[in-house]
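Engineer: Before anything else, here's the structure in question.
2 protein chains.
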Amino acid sequence: MSTPRTPPPLAGGTQGPHDLRPLLGIALDALRDGAAARRGPLPAGGPDAVTQRVHAAAHPVLPDHGTGAEHALRTLVHALAEGAADPADPLCAAHLHCPPLAVAAAADLAASALNASMDSWDQAPAASTLEALVTHAIATQIHPEGDALITTGGTESNQLALLLAREAATRHGPVRGPVQLLVGDNAHHSLARAAWLLGLPEPIAVPAPAGTLDPAALDEALTELGGPPRQFLVAATAGTTDAGLIDPLDDIADLCAAHDARLHVDAAYGGGLLFSDTRKHHLRGIERADTVTLDLHKLGWQPAAAGIIAARDPRDLDALTHRADYLNADDDTEAGLPDLLGRSLRTTRRPDILKIAVTLKALGRSGLGALVDQVCDQAAEFADLVDAHPAFELYDTPAISTVLFRPTRADDHHIAHVRRTLLTEGTAVLGRADLDGCRWLKATLLNPHTRPDDLAALLKLVELVEPVEPVEPVEAAPQPTPPEGSTPR
Amino acid sequence: MSTPRTPPPLAGGTQGPHDLRPLLGIALDALRDGAAARRGPLPAGGPDAVTQRVHAAAHPVLPDHGTGAEHALRTLVHALAEGAADPADPLCAAHLHCPPLAVAAAADLAASALNASMDSWDQAPAASTLEALVTHAIATQIHPEGDALITTGGTESNQLALLLAREAATRHGPVRGPVQLLVGDNAHHSLARAAWLLGLPEPIAVPAPAGTLDPAALDEALTELGGPPRQFLVAATAGTTDAGLIDPLDDIADLCAAHDARLHVDAAYGGGLLFSDTRKHHLRGIERADTVTLDLHKLGWQPAAAGIIAARDPRDLDALTHRADYLNADDDTEAGLPDLLGRSLRTTRRPDILKIAVTLKALGRSGLGALVDQVCDQAAEFADLVDAHPAFELYDTPAISTVLFRPTRADDHHIAHVRRTLLTEGTAVLGRADLDGCRWLKATLLNPHTRPDDLAALLKLVELVEPVEPVEPVEAAPQPTPPEGSTPR
Chain A
1 MSTPRTPPPL
11 AGGTQGPHDL
21 RPLLGIALDA
31 LRDGAAARRG
41 PLPAGGPDAV
51 TQRVHAAAHP
61 VLPDHGTGAE
71 HALRTLVHAL
81 AEGAADPADP
91 LCAAHLHCPP
101 LAVAAAADLA
111 ASALNASMDS
121 WDQAPAASTL
131 EALVTHAIAT
141 QIHPEGDALI
151 TTGGTESNQL
161 ALLLAREAAT
171 RHGPVRGPVQ
181 LLVGDNAHHS
191 LARAAWLLGL
201 PEPIAVPAPA
211 GTLDPAALDE
221 ALTELGGPPR
231 QFLVAATAGT
241 TDAGLIDPLD
251 DIADLCAAHD
261 ARLHVDAAYG
271 GGLLFSDTRK
281 HHLRGIERAD
291 TVTLDLHKLG
301 WQPAAAGIIA
311 ARDPRDLDAL
321 THRADYLNAD
331 DDTEAGLPDL
341 LGRSLRTTRR
351 PDILKIAVTL
361 KALGRSGLGA
371 LVDQVCDQAA
381 EFADLVDAHP
391 AFELYDTPAI
401 STVLFRPTRA
411 DDHHIAHVRR
421 TLLTEGTAVL
431 GRADLDGCRW
441 LKATLLNPHT
451 RPDDLAALLK
461 LVELVEPVEP
471 VEPVEAAPQP
481 TPPEGSTPR
Chain B
1001 MSTPRTPPPL
1011 AGGTQGPHDL
1021 RPLLGIALDA
1031 LRDGAAARRG
1041 PLPAGGPDAV
1051 TQRVHAAAHP
1061 VLPDHGTGAE
1071 HALRTLVHAL
1081 AEGAADPADP
1091 LCAAHLHCPP
1101 LAVAAAADLA
1111 ASALNASMDS
1121 WDQAPAASTL
1131 EALVTHAIAT
1141 QIHPEGDALI
1151 TTGGTESNQL
1161 ALLLAREAAT
1171 RHGPVRGPVQ
1181 LLVGDNAHHS
1191 LARAAWLLGL
1201 PEPIAVPAPA
1211 GTLDPAALDE
1221 ALTELGGPPR
1231 QFLVAATAGT
1241 TDAGLIDPLD
1251 DIADLCAAHD
1261 ARLHVDAAYG
1271 GGLLFSDTRK
1281 HHLRGIERAD
1291 TVTLDLHKLG
1301 WQPAAAGIIA
1311 ARDPRDLDAL
1321 THRADYLNAD
1331 DDTEAGLPDL
1341 LGRSLRTTRR
1351 PDILKIAVTL
1361 KALGRSGLGA
1371 LVDQVCDQAA
1381 EFADLVDAHP
1391 AFELYDTPAI
1401 STVLFRPTRA
1411 DDHHIAHVRR
1421 TLLTEGTAVL
1431 GRADLDGCRW
1441 LKATLLNPHT
1451 RPDDLAALLK
1461 LVELVEPVEP
1471 VEPVEAAPQP
1481 TPPEGSTPR
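Below you can see the structure in the form of structure tokens.
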């Protein structure tokens, strides 16, 4: 038996806030000092340098005897901050990886401290009520009779959309066979992965030659699909990962209606436009979808996770109904204890709703809409900058806040090299996309604090990267700038 | 176009910590005041009272114009704290719902502020290195050559165990048919739900008459299973949800070896015993499992989520290998950028590893082991108290930290009534379990700060609950205390 000792302080209860305060002070100081030591959007030196520093800070990971809370917290938070790719830096703009608002992060601390678990009322009395209220309010931004569930992100939301379609197909009358998913070539990879996970047939890919799903091609695919009767699920995208493009939702909804197919819209990125009065019309038709993926850790400025799946018909969500005596015994439910287990595939579940609720209330629709407008305006501005610059070419006018561009006459290797060089220098985090037969650099603008100067600096950094070294210097000289087929639109 | 305005402060960057500080102060004050206003382990008045207060605080959920960060944060965090079932209160002891350590919650704040996303190196340079280090260290507590992944909890870990078995069955040579899961009657509901999710056959239930999976019954089931060749997966439990019992892992591993079945051990609860030198022998045989579920938001004092799946053979995890050009293009991987996408089924993924790493380093094995020993010792003490009390009967000596007990000669309705009465009074949160033909109250002791006085008070509260009112007072008088079959062990 170990020697009795006073256990370390807890985060909850009446005493927790008092004990948390000095530890949070240490964490904040370490965040500040780590960010300063980083000296840029990400650490210089590439993976080896980062690994070395993290090993030095973390070793030993599980000591026999602990180093104490203060030391562990200071050391590891500093290492994480120094080694972060921090989306709060305007030059960290590769992915749909948003800088969270301070108010959302502060609310999330309260979720950690209370540790409500959303799988039963007696673990989350107030949090479960709040979740019901807020998910309903979000769902009705899309459809007046809709409801929504909280997920870990777009990937889980897409997975649930497919699961709900699978279950809806077996709910009424005779089984119509397995659900067949149809996705555009531009769709997120998580949709195909969901079909694999759920044991469903491989999705049918529908051409998206201009970066958005082609309605004529979809019509053809739905018309030509023979074989046994099946439930078809069409997944459209509102905000593609590569270019931020929005599929023609209304046209696709017409086709789904005509072919008796279900419609899912993956609006993990584009869903944020719902908050903007001047931009929500880009999502026209989304209200006709059976299910919609939203993701407030993208255009919602939440720390992950803040995923949502909205359903037009709340009865679709009944597919998740589940019973476990210790959580929702029938007699407890009859006696008035709310039954929460069917609101997720997870059991223990963090109240991610708290940070979302605090953010919605703090900013309101207009405040969130203004942030959406700001990053979209930045993207338009950056696109203009690129377009006016003789050394660069622009893919297209941004649809949301993603700008694809490339140095004029650069080959694909150079594009990849530019990206990796900036990463290794620690000067900028840009993404990449292969579209229209060639490779592009991708700037996904999600930081409302970004200024015009930052955008000019980003372009300058790209311009200054020296051409790629030969990949295999010991071999014969590689071909310079191989021709790459099609030209950009 | 909206009027330009200064966007609200971010949590990250060099400025974020400065802007977070006052907001965290507000959140802490609201946590403190909310907990004080609650006046107990959960709010009095039941669901209606809680709903009313949350509605009043939250309305309107999505105003046109925001109320500002301070007001939203104060109001909603207060409402959540006042309406919490707070596991930091010793009388909140229903579920595997632990009170998180202050140091873990403080570390988690840093994860929110930096918002690293674990799906690509350029969103999580340091966090991905830390995750690799820490998951390896945890996995090797079970098997020297093992590796592990981070999950959202035991439910996802169990789901992955089944998925890995499904994929392992198709990896080598001819397909052996769908995976057939066998689970004890005592297994967690998430295993059957996982089979449903993955489109696999319903699990075969193996009797667990004494609360643990019966090896003779398992042997019989595996022997009698005819039909086409299949891959069998046996799921054993180390720490059942109802009684905290541990299946005979070594015997089950012998049977799996004899029958060429894979073995999964769901140690979401019992896995914490690995930290205790005096108790880890209860898990003998766990090192022979192909996969193991662990869950540090149970006996690890983490805020959710902190799930883990460990695999004995790291190659099993290759089943999750996945490629998406924007995250792990081949040439980026060849150029040395780590490929992280195969470490989860999620895409965006919060660095839950940070709070785990800070806790392991702060407390060390001995510190965590001491916490485990403390709650197990409390359970033994509470069991003694129950056993010595003439008005109560004890189910059995606790195997981990769960104590099942009931007022002597109470019927099942009274047990459910006691639990609901205490919930409605706001005086205690107890669980329930139906075992051996009758119903028990369940105290899951996970709070290392609980003192003997608290345990005595808990028992007193149960003793003082008046007998259940007739369920249907307008009908004829209901039968008092109907006989309930078997006696406890």
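Chains as they are written, first to last, in our numbering: chain A, 1 to 489; chain B, 1001 to 1489. Cβ atoms here follow ideal geometry from the backbone N, Cα and C, with glycine treated the same way. Predicted model, so just to flag it, every value in this text is computed and none were measured.
1) How big is the Cα-Cα spacing for Ala110 (chain A) and Gly12 (chain A)?
2) Should Leu1464 (chain B) be labelled buried (16 or more other beta-carbon atoms within 10 Å of its own) or exposed?
3) Use the C-beta contact count for Pro1338 (chain B): other C-beta atoms within 10 angstroms, 16 or more gives buried, fewer gives exposed.
4) Quick check on the burial criterion: 16 or more other C-beta atoms within 10 angstroms. Buried or exposed for Pro448 (chain A)?
5) I'd like to know if the region 1062-1076 of chain B and the region 1112-1129 of chain B are in contact, where contact means that at least 3 CB-CB pairs between them fall below 8 Å.
6) Using only the alpha-carbon positions, how far apart do Leu76 (chain A) and Ala1035 (chain B) sit?
7) When the Cα of Gly1184 (chain B) is compared with those of B:Ala1195, B:Asn1158, B:Pro1215, which residue comes out closest?
8) Compare the C-alpha of Ala221 (chain A) against each of A:Ser190, A:Ala192, A:Cys256, A:Thr333 and name the closest.
9) Identify the continuous beta strand (DSSP E) that holds Val1134 (chain B) and give its terminal residues.
10) What span of residues does the alpha helix (DSSP H) with Ile246 (chain A) cover, start to end?
11) Can you tell me the Cα-Cα spacing of Arg1074 (chain B) and Pro17 (chain A), whole angstroms?
12) Where do the ends of the alpha helix (DSSP H) carrying Asp1407 (chain B) lie?
13) For His1095 (chain B), count neighbouring C-beta atoms within 10 Å of its own C-beta (all shown protein chains included) and say buried if the count is 16 or more, exposed if not.
14) When we look at the beta-carbon of Glu1475 (chain B) and count the other beta-carbons within 10 Å, is it buried (16 or more) or exposed?
15) Among B:Pro1090, B:Ala1104, B:Asp1029, B:Pro1008, which has the Cα closest to the Cα of Pro1351 (chain B)?
16) Where does the unbroken beta strand (DSSP E) through Leu491 (chain A) begin, and where does it stop?
17) Which two residues bound the contiguous alpha helix (DSSP H) that contains Lys1298 (chain B)?
18) Three or more C-beta pairs under 8 Å: does that hold for the region 307-318 of chain A against the region 146-153 of chain A?
19) For a contact meaning CB atoms closer than 7 Å, what does Pro1007 (chain B) contact in chain A?
20) Could you name the residues of the same chain whose beta carbon sits closer than 7 Å to that of Pro1203 (chain B), not counting the 5 residues immediately before and after it, in chain order?
21) On a CA-only basis, which of A:Asp290, A:Leu274, A:Ala243 is nearest Val265 (chain A)? Give me that one, please.
22) Rounding to the nearest angstrom, what Cα-Cα distance links Cys1098 (chain B) and Ala410 (chain A) in this structure?
23) Tell me the DSSP secondary structure of Ile1150 (chain B) in three-state form.
24) Taking all protein chains shown into account, decide if His971 (chain B) is buried (16 or more other Cβ within 10 angstroms of its Cβ) or exposed.
25) Which residues, taken in chain order from the region 415-430 of chain A, show a beta carbon closer than 7 Å to some beta carbon of chain B?
26) Would you kindly work out how many angstroms separate the C-alpha atoms of Ala1126 (chain B) and Val54 (chain A), rounded to a whole number?
27) Lys1280 (chain B) CB to nearest chain A CB: under 8 Å?
28) DSSP puts Glu393 (chain A) in a beta bridge; with which residues?
29) If Ala305 (chain A) and Gly153 (chain A) are in contact, beta carbons under 8 Å, what's the gap, nearest whole angstrom?
30) Hey, how far is the Cα of Ala542 (chain A) from the Cα of Lys280 (chain A)?
31) Can you tell me which of the three DSSP states Val61 (chain A) falls into?
32) Indicate the three-state DSSP secondary structure (helix, strand or coil) for Arg1432 (chain B) in the structure shown.
33) Which residue wins for smallest C-alpha separation from Pro1007 (chain B), given the options A:Trp301, A:Ala391, A:Asp453?
34) With distances taken Cα to Cα, identify the nearest neighbour of Tyr1395 (chain B) among B:Ala1261, B:Leu1435, B:Thr1347.
35) With a threshold of 7 Å, establish whether the CB of Phe1382 (chain B) neighbours any heavy atom of the ligand NAP.
36) So, at 6 Å on beta carbons, what are the nonlocal neighbours of Asp219 (chain A) in its own chain, with the 5 sequence-adjacent residues on each side left out?
Structural biologist: Let's see:
1) If you draw a straight line from the Cα of Ala110 (chain A) to the Cα of Gly12 (chain A), it comes to about 9 Å.
2) Looking at its Cβ environment, which holds fewer than 16 other Cβ atoms inside 10 Å, Leu1464 (chain B) is exposed.
3) Counting Cβ neighbours within 10 Å, Pro1338 (chain B) comes out buried, since at least 16 surround it.
4) Under this definition Pro448 (chain A) is a buried residue.
5) Put simply, the region 1062-1076 of chain B does not touch the region 1112-1129 of chain B. Fewer than three CB pairs are less than 8 Å apart.
6) One C-alpha to the other measures close to 30 Å.
7) Of the listed residues, the one whose Cα sits closest to Gly1184 (chain B) is B:Pro1215.
8) The candidate whose alpha carbon is nearest that of Ala221 (chain A) is A:Cys256.
9) Per DSSP, Val1134 (chain B) is not a residue of any beta strand (DSSP E); the alpha helix (DSSP H) it occupies stretches across 1125-1139.
10) Per DSSP, Ile246 (chain A) lies in no alpha helix (DSSP H) and is assigned neither H nor E.
11) For the pair Arg1074 (chain B) and Pro17 (chain A), the Cα-to-Cα distance works out to about 14 Å.
12) The question names Asp, yet the displayed sequence has Pro at residue 1407 (chain B). Going by DSSP, Pro1407 (chain B) is part of no alpha helix (DSSP H) but of the beta strand (DSSP E) stretching over 1402-1407.
13) A buried status is given to His1095 (chain B), since no fewer than 16 other beta-carbon atoms sit within 10 Å of its beta-carbon.
14) Residue placement at Glu1475 (chain B) cannot be trusted, given a pLDDT of 47 that sits under 50; what the coordinates show is reported in the next sentence. With a threshold of 16 other beta carbon atoms within 10 Å, Glu1475 (chain B) falls short and is exposed.
15) For the residues B:Pro1090, B:Ala1104, B:Asp1029, B:Pro1008, the minimum Cα distance to Pro1351 (chain B) belongs to B:Ala1104.
16) The question about residue 491 (chain A) has no answer, for chain A in this structure spans 1 to 489.
17) Looking at the DSSP string, Lys1298 (chain B) is not in any alpha helix (DSSP H), and its letter there is neither H nor E.
18) Flag = yes, the region 307-318 of chain A and the region 146-153 of chain A touch.
19) Taking a Cβ-Cβ threshold of 7 Å, the residues of chain A close to Pro1007 (chain B) are Leu371, Gln374, Pro448, His449, in chain order.
20) Leu1181, Leu1182, Val1183, Leu1191, Ala1192, Ala1195, listed in sequence order.
21) Taking only the C-alpha atoms, the option nearest Val265 (chain A) is A:Asp290.
22) Distance between the alpha carbons of Cys1098 (chain B) and Ala410 (chain A): 56 Å.
23) Correct three-state label for Ile1150 (chain B): strand.
24) No answer is possible for residue 971 (chain B): the residues shown for chain B start at 1001 and end at 1489.
25) Listed in sequence order: Ala416, Arg420, Leu423, Val429.
26) Each residue's alpha carbon lies about 6 Å from the other.
27) At least 8 Å separates the CB of Lys1280 (chain B) from every CB of chain A.
28) DSSP output for Glu393 (chain A) lists A:Arg406 as bridge partner(s).
29) Contact flag correct, Cβ pair sits at about 5 Å.
30) Summary: the structure shown does not reach residue 542 (chain A), with chain A confined to residues 1 through 489, and so no result is reported for it.
31) Of the three classes helix, strand and coil, the one that applies to Val61 (chain A) here is coil, per DSSP.
32) Strand, per DSSP.
33) Distances from the alpha-carbon of Pro1007 (chain B) to those of A:Trp301, A:Ala391, A:Asp453 put A:Trp301 closest.
34) Considering only alpha carbons, the answer is B:Leu1435.
35) As for the ligand NAP, it is missing from this structure, which has no ligand bound.
36) Correct list, in chain order: Leu255.
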